[in-house]
Every structure is written in structure tokens, then in C-alpha cells.
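Note that my numbering numbers the sequence shown so that position 285 is 329, with each residue one more than the last. Input: a single structure, listed below in C-alpha cells.
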Amino acid sequence: MAGRGTKRRGTARPVPGRYPVRFGLAELLADADRPNAWLLTVDEVAQSYVDLDDPTHLEFEYVRRIGDVIDCLADGPLEALHLGGAGCTVPRYIAATRPGSRQLVFDADEPLIELVREQLDLRAVPNLRVRISDGREGVATRRDGSADLVVADVFQRAKMPGDVATLEFTTDVARLLRPAGTYLINVADGPGLKFARRVVATIGAVFPHVVMLADSGVLRGRRFGNVVLVASRADLPVDGITRRAASAAFPSRVTSGAELERFRGNAKPIRDDEALDTPRPPWNVFGLPPRT
């Protein structure tokens with residue numbers, strides 16, 4: 045694994061504070077336990093955690109799961125497309141662990157991206173471009189077979205936009221992936237996991253190989269949380285993903301095959317013509333302690 049602990053280029057230290065952005069009020073907070081690590085929130089909902097001295101440090105549980113899946117893919121640089129950027133934690137991770145990768149981020153919040161460029165040294169990430177666009181419009185501009193990896197982690201005001209969960213959009217993602225390419229999507233849901241089941245049905249209608257990673261408490265309906273779905277037209281490294289998930293600091297359950305079909309049940313794919321209201325987390329589930 046290359047790049048672990050690599051120091052960033054010399055720039056001014058980020059300035060903690062609040063900054064107005066398109067979808068609310070962003071805040072940059074220093075981590076008291078790591079000398080150059082920063083939490084980025086919007087309206088007190090955590091968006092990204094970035095360690096400028098060690099981009100391989102992934103603080104959020106679901107982001108660590110995404111990183112573990114990426115580590116299990118075939119060796120070498122990746123042509124990666126990211127839908128949703130914020131602090132660009134995953135692109136930084138790929139740049140550090142897979143040198144030579146070329147990456148493109150689509151994010152609709154231009155003031156937030158400018159904040160990250162200026163305060164969190166985004167320009168220092170090699171071979172990374174960021175375009176201001178929502179994910180769906182951005183994907184439509186990409187040519188067929190142009191990506192090894194697509195990562196969708198798109199949230200606006202704590203909710204996932206419904207148009208990135210549909211069958212039509214998933215089909216367009218499949219179009220731009222190479223034959224062995226991988227699609228990773230982060231979904232947030234609560235007790236009953238009705239929305240997650242429908243996203244599984246949607247992904248499964250397009251990709252023959254799907255794997256789900258989630259905390260067992262989320263799967264049992266005990267709390268609202270993240271579900272990471274991995275999909276491909278080629279076989280996925282299920283054994284490697286399972287080993288990583290079991291040995292992680294916060295272990296997750298890996299579901300695939302017949303077990304995933306049982307999880308899906310009779311859920312139907314999501315289509316563009318639905319008026320879909322995606323789950324909204326309870327206040328502060330992904331955020332900060334209340335201010336005093």
C-alpha cells in the first residue's frame with residue numbers, strides 16, 4: 045500500500061469556522077486527537093473527515109467499508125468516478141493507495157468544493173478533477189466503458205436524492221463501467237430498511253453480482269445507519285470483502301447471493317416516474333452533539 049502517512053504539500057493550516065455553502069452552513073472542526081485531521085459538517089450533519097497527513101485514515105465506519113472493498117479489487121491504478129465529493133475522502137484514499145489513478149468528482153455544491161479546495165488542500169491530490177454538477181447530469185456526459193469504479197455517496201440536507209437510486213440511473217452507471225468495473229453506492233435507511241431493500245432490487249435488476257455491507261444493528265432494524273452496496277457484471281471478491289469486514293475495527297455483516305435475495309424479499313426496483321421520498325435520518329444521527 046503506497047502513500048501511507050505521506051505528508052501533504054506545504055500550505056497554510058486550515059482555519060476552523062463556519063462557512064455558508066449551497067445546501068446550508070458548513071463548519072470545519074479540528075480533531076483534537078489527530079494533529080492535522082478535520083471534520084467537515086453541513087448544518088451540523090457530518091459530511092467528511094479528512095486527515096491531511098494520512099489520507100489512508102478513514103474515520104467514518106461506512107467510508108472504511110468502502111475503502112476495504114476498493115482494497116479487494118484487482119491491483120493497479122483506477123479510472124474512478126465519484127458522485128458526491130464534499131471533503132473528497134475516498135478520492136484522497138485512492139490517490140494514496142493506488143498511485144497513477146485518474147479520478148473525477150461530480151458535486152453540486154460549488155461553495156463547499158471551493159471551501160475544500162482552499163482549506164483542505166484539494167488541489168494537492170494528484171490526477172483529481174472536480175466538476176460542479178449533480179451526479180445524474182454528470183454521469184450522462186461520460187462515455188461508455190470509461191470507468192473502472194463508480195462511487196455514489198450523494199446526500200443533500202442529510203437525504204439521498206431519489207434520482208440516483210432509480211433503475212434508469214443505475215442502467216446509465218452500468219453503461220460507463222468497463223466489463224469488470226465496480227459500482228459502490230452508500231444508502232442510509234432506518235428500521236425496516238424498506239428503502240434499502242428497494243435499492244437492492246434496483247441494483248440487482250442491472251448487475252448480476254451484488255454484495256451488501258452493513259452494521260448488524262442496522263440490519264436488525266435497531267438504528268438508522270449506512271448500507272454499502274457493491275455491484276458488478278463480473279464476479280466480486282466476496283471472500284476478501286468478508287474477511288476485511290470481519291477484521292475491521294467496526295465489523296460489518298456481508299450479505300450476498302441467496303441471503304441477499306431473502307433480504308430483498310418482494311421489493312420492486314425504483315423507477316424515474318415515482319415520487320420517491322428518501323429516508324431522512326433522525327436529528328443528529330450523523331451529526332454533532334447539541335450545542336450548549
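Glycine residues also receive a C-beta, built at the ideal position from the N, C-alpha and C atoms. Computed from a prediction, not measured in an experiment: that's the story for all the values here.
When the Cα of residue i is compared with those of the options, which residue comes out closest?
i: residue 91; options: 99, 213, 75 and 131; result: 131
i: residue 237; options: 310, 144, 200 and 168; result: 310
i: residue 320; options: 210, 306, 151 and 229; result: 210
i: residue 84; options: 114, 120, 193 and 159; result: 159
i: residue 184; options: 162, 173, 200 and 221; result: 221
i: residue 143; options: 303, 169, 284 and 72; result: 169
i: residue 312; options: 267, 248 and 193; result: 248
i: residue 79; options: 70, 98, 86 and 87; result: 98
i: residue 292; options: 62, 101 and 194; result: 101
i: residue 308; options: 244, 299 and 315; result: 244
i: residue 149; options: 175, 134, 138 and 141; result: 175
i: residue 298; options: 71, 81 and 110; result: 110
i: residue 116; options: 296, 188 and 226; result: 226
i: residue 179; options: 127, 69, 206 and 204; result: 127
Check residue i in the structure and name its three-state DSSP category.
i: residue 268; result: coil
i: residue 225; result: strand
i: residue 109; result: helix
i: residue 233; result: strand
i: residue 322; result: coil
i: residue 296; result: coil
i: residue 154; result: helix
i: residue 177; result: coil
i: residue 185; result: coil
i: residue 245; result: helix
i: residue 84; result: strand
i: residue 316; result: coil
i: residue 289; result: helix
i: residue 140; result: helix
i: residue 283; result: helix
Have a look at residue i and residue j and give me their C-alpha separation to the nearest angstrom.
i: residue 277; j: residue 75; result: 40 Å
i: residue 145; j: residue 166; result: 16 Å
i: residue 124; j: residue 198; result: 16 Å
i: residue 326; j: residue 93; result: 21 Å
i: residue 171; j: residue 147; result: 6 Å
i: residue 202; j: residue 273; result: 19 Å
i: residue 213; j: residue 275; result: 14 Å
i: residue 155; j: residue 303; result: 43 Å
i: residue 162; j: residue 108; result: 25 Å
i: residue 177; j: residue 194; result: 15 Å
i: residue 118; j: residue 284; result: 11 Å
i: residue 251; j: residue 59; result: 44 Å
i: residue 64; j: residue 255; result: 38 Å
i: residue 241; j: residue 57; result: 43 Å
i: residue 253; j: residue 62; result: 43 Å
i: residue 218; j: residue 186; result: 11 Å
i: residue 106; j: residue 95; result: 16 Å
Buried or exposed, going by whether 16 or more other CB atoms sit within 10 Å of the CB of residue i?
i: residue 288; result: buried
i: residue 104; result: buried
i: residue 261; result: exposed
i: residue 317; result: exposed
i: residue 136; result: buried
i: residue 50; result: With a pLDDT of 38 at residue 50, under the threshold of 50, the modelled position of this residue cannot be trusted; read the value that follows with caution. Its Cβ having fewer than 16 others within 10 Å, residue 50 is exposed.
With which residues is residue i paired in a DSSP beta bridge?
i: residue 274; result: 228 and 255
i: residue 200; result: 203
i: residue 339; result: Within the shown structure, residues of the chain are numbered from 45 to 336, placing residue 339 beyond reach of any answer.
i: residue 208; result: Paired residues: none, contrary to the question.
i: residue 193; result: 124 and 226
i: residue 63; result: 70
i: residue 215; result: Residue 215 is not bridged to any residue.
With 8 Å as the threshold, decide whether the Cβ of residue i is near any Cβ in chain C.
i: residue 67; result: No chain C is present in this structure, which holds just one protein chain.
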